[in-house]
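Since the structure comes first, as structure tokens, the remarks are kept for the end.
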Amino acid sequence: MTVTTEILQIASYLGAGISVGIASLSAGIGEGYTAGHTAHSFMRQPKAGDSLVNSMLVSQAVTETGAIFALVIALLLIFGGFTDPAGGWFKAAALLSAGIAVGVGSVGPGFGSGYSGGQASKAIGRMPKQNNAITGNMLIGQALAQAGSIFALVVSLLLLYSTPNQPANATLGEVILKCAAFLGGGLAIGIGTMGPGAAIGFVAGRANDMIGRFPKERASIIKTMFLGAAVSESTAIYSLVIAFLLIFAI
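Here you go:
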């Protein structure tokens with residue numbers, strides 16, 4: 415069947431909806447988790463209210479990262495003008511895959527960053543004097559957790575702008591093969607970053623909690639956090655490599 419402009423628009427709109435819808439799910443829950451712990455800690459330490467609110471807002475801004483990436487991709491899918499039928503089924507599959515990649519790829523980082531922020535607020539409520547140390551560690555952990563959403567954004571942009579048009583003489587098997595490769599690449603980076611993003615956020619959250627309990631052990635806690643986060647992040651890198659291979663080597 416010949417690909418028409420309408421089919422490309424359908425793929426774009428589905429990708430846009432999947433992108434921003436799924437990404438906003440985890441971001442919203444993560445931000446709410448942080449706000450909940452901030453409210454609880456505020457009543458425990460009313461004098462630390464300003465520090466708690468500042469830490470909460472910073473955390474929520476970082477947690478929103480994946481949803482912002484997804485919003486950018488969704489807007490590109492809707493208004494980017496991907497309507498040239500010459501792209502064929504290759505382009506239709508790439509458009510849908512771009513939305514899947516950044517949408518699903520932002521789930522783990524959203525949950526992980528939210529957990530880290532919530533535990534930071536909890537720790538500040540216990541030890542207000544360690545506010546700067548706890549907030550700094552929170553930001554480091556969240557930055558590591560958000561690496562997965564950056565990987566997903568890169569893959570999405572490559573799917574949008576670096577995929578070839580379908581050759582006029584392509585066989586049905588070749589079309590199915592290439593479309594499956596694009597979809598596989600989007601799923602690889604999307605699903606592959608869920609675990610590392612959430613896990614690194616968990617590591618950072620527990621580190622924040624322990625700094626609030628044992629501030630003198632901060633150096634050892636941060637060292638352990640970095641080591642654990644680096645090992646956890648390795649699987650996201652594996653997913654990124656496979657996504658690149660599926661997009662460009664198949």
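Numbered according to this note's numbering, the sequence shown spans residues 415 to 664. Beta carbons: idealized from backbone N, C-alpha and C, even for Gly. Keep in mind the model is a prediction, meaning the values are calculated, not measured.
- In the three-state reduction of the DSSP assignment, Pro578 falls in the coil class.
- Straight-line measurement puts the Cα of Val617 at about 27 Å from the Cα of Gly435.
- Rounded to the nearest whole angstrom, the CA to CA distance from Tyr575 to Ser469 is 37 Å.
- A check of alpha carbon separations from Gly619 across Gly555, Ser563, Pro499 and Ala595 identifies Gly555 as the nearest.
- In the structure shown, Glu478 falls within a coil segment according to DSSP collapsed to helix, strand and coil.
- Taking C-beta separations shorter than 6 Å and ignoring five residues to either side along the sequence, the partners of Ala488 in its chain run Ala430, Ser433 and Val434, following chain order.
- Distances from the alpha-carbon of Phe493 to those of Ile635, Tyr427, Ile605 and Tyr652 put Tyr427 closest.
- The beta carbon of Ala506 lies closer than 7 Å to those of Val417, Ile421, Leu422 and Ala425 in the same chain, with the five residues before and after it left out.
- Excluding residues up to 5 positions away in sequence, Ser646 lie with their Cβ nearer than 6 Å to the Cβ of Ala613 in the same chain.
- For Val589, the secondary structure class from DSSP, reduced to helix, strand or coil, is helix.
- In the structure shown, the three-state DSSP call for Ala437 is helix.
- Annotated as proximal: Gly604 and Gly517, with beta-carbon spacing under 8 Å.
- In this chain, the alpha helix (DSSP H) harbouring Pro523 covers Val521 to Arg540.
- Assignment of Ile664 by DSSP, reduced to helix, strand and coil, places it in the coil class.
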